[in-house]
Amino acid sequence: MAKSKYDVYMGSCLLPVTPEKIQIKIKNQNSTLSLINEGEINVLKRAGLTDIDFECEIPQIRQPYAVYQSGFRDAGYFMDIFEGLKTGRKPFQFIVCRRLPSGKQLLNTNITVSLEDYSITEDCGNGFDFKVKFSLKQWKEYGTKTVNINIAKAKANVETSRETNNAPETEEAQTYTVVKGDCLWNIAKQFYGNGAKYTVIYDANKSVIGGNPNRIYPGQVLTIPAV
-18 MAKSKYDVYM GSCLLPVTPE KIQIKIKNQN STLSLINEGE INVLKRAGLT DIDFECEIPQ
42 IRQPYAVYQS GFRDAGYFMD IFEGLKTGRK PFQFIVCRRL PSGKQLLNTN ITVSLEDYSI
102 TEDCGNGFDF KVKFSLKQWK EYGTKTVNIN IAKAKANVET SRETNNAPET EEAQTYTVVK
162 GDCLWNIAKQ FYGNGAKYTV IYDANKSVIG GNPNRIYPGQ VLTIPAV
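In the working numbering, the protein residues as written are -18 to 208.
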């Protein structure tokens, strides 16, 4: 098996063997109604949460086609990470970086998800290696707004308080020139040691990158903010 030109991340963990197939399903929430005179109509609604299903191989011994971020890791290392993603009850990024053998970057996938289910299979046909099947679900941030109402004698004033994030003063920003095969996740991993901080780079370079953070091109000069 040749080393894949696809890099698949669950959080900051690079899967050592790229899944043979990844199924991404965008759920439907449309509903139908029956009207007396008009017959059946379709009521269009926003799409539901996306489901992602795939199976991957986790080697227990060194395999020539497996890829690791910092040298060989045995299966126990990855099993601990998967358990932490499930029991930690926190969302994480599911990222697929795609590129041609020539190094040309293709469309990338970057979705915030939760780990719904995963199952581990040992089969004599796989030798010493494990097969792990994952079911992920898209996660969207939600919250409540707090409104403070001050009532005066003459009139009522409504003041809306909102949370603000005041960034601390940082060192001078750096610049980076994009090369073939780059994606924001890997660039953030290089500069910050954490690929999940790719949004910091994207926010600082929207005028250069455009509306899609998954599309960056060789030769683009990006500002790398200090954090």
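Ideal placement from N, C-alpha and C gives every residue a C-beta, glycine not left out.
Bounds of any beta strand (DSSP E) do not take in Ser188; it lies within the alpha helix (DSSP H) bounded by 187 to 190.
If the five residues before and after Val94 are omitted, its C-beta is found closer than 7 Å to the C-beta atoms of Ile33, Pro72, Phe73, Phe75, Leu117, Lys118, Gln119, Trp120, all from its own chain and listed in chain order. As the crow flies, the alpha-carbon of Lys26 is around 8 Å from that of Asn9. DSSP places Ile62 within a helical segment (H, G or I) once states are collapsed to three. Setting aside the 5 residues that flank it on each side, Val160 is surrounded in the same chain by Pro199, each with a C-beta closer than 6 Å to its C-beta; the list follows chain order. Under the three-state reduction of DSSP, Ile182 is assigned to helix.
Val48 is not a Cβ neighbour of Pro0, given a cutoff of 8 Å.
Following the DSSP letters along the chain, one finds Gln4 inside the beta strand (DSSP E) bounded by residues 3 to 6. Segment contact: the region 97 to 110 against the region 160 to 169, fewer than three CB-CB distances shorter than 8 Å; contact not assigned. The Cβ-Cβ distance between Asn186 and Leu88 does not fall below 8 Å.
Contact annotation, Ile132 with Cys164: C-beta distance approximately 53 Å; criterion of less than 8 Å not satisfied.
Between Ile101 and Lys114, the alpha-carbon positions lie close to 7 Å from each other. Here Glu153 is not bridged, per DSSP, to any residue. Selection Ile205, Thr204, Ser(-7) evaluated against Asn91 yields Ser(-7) as nearest (Cα-Cα). Look at Leu(-4) here: in three-state DSSP terms it is coil, with no helix or strand label. Using a Cβ distance threshold of 8 Å, Leu96 and Leu66 count as a contacting pair.
Cβ-Cβ separation between Val189 and Leu203: approximately 6 Å, consistent with a contact (criterion under 8 Å). Of the candidates Asn11, Tyr(-13), Glu103, Leu(-5), Tyr(-13) places its Cα closest to the Cα of Lys2.
Here the alpha carbons of Thr13 and Gly57 stand approximately 49 Å from one another. Arg79 is bridged by DSSP to Tyr(-13). In the structure shown, Lys85 falls within a coil segment according to DSSP collapsed to helix, strand and coil. With a cutoff of 8 Å on beta-carbon distance, Tyr179 and Val208 are scored as not near each other.
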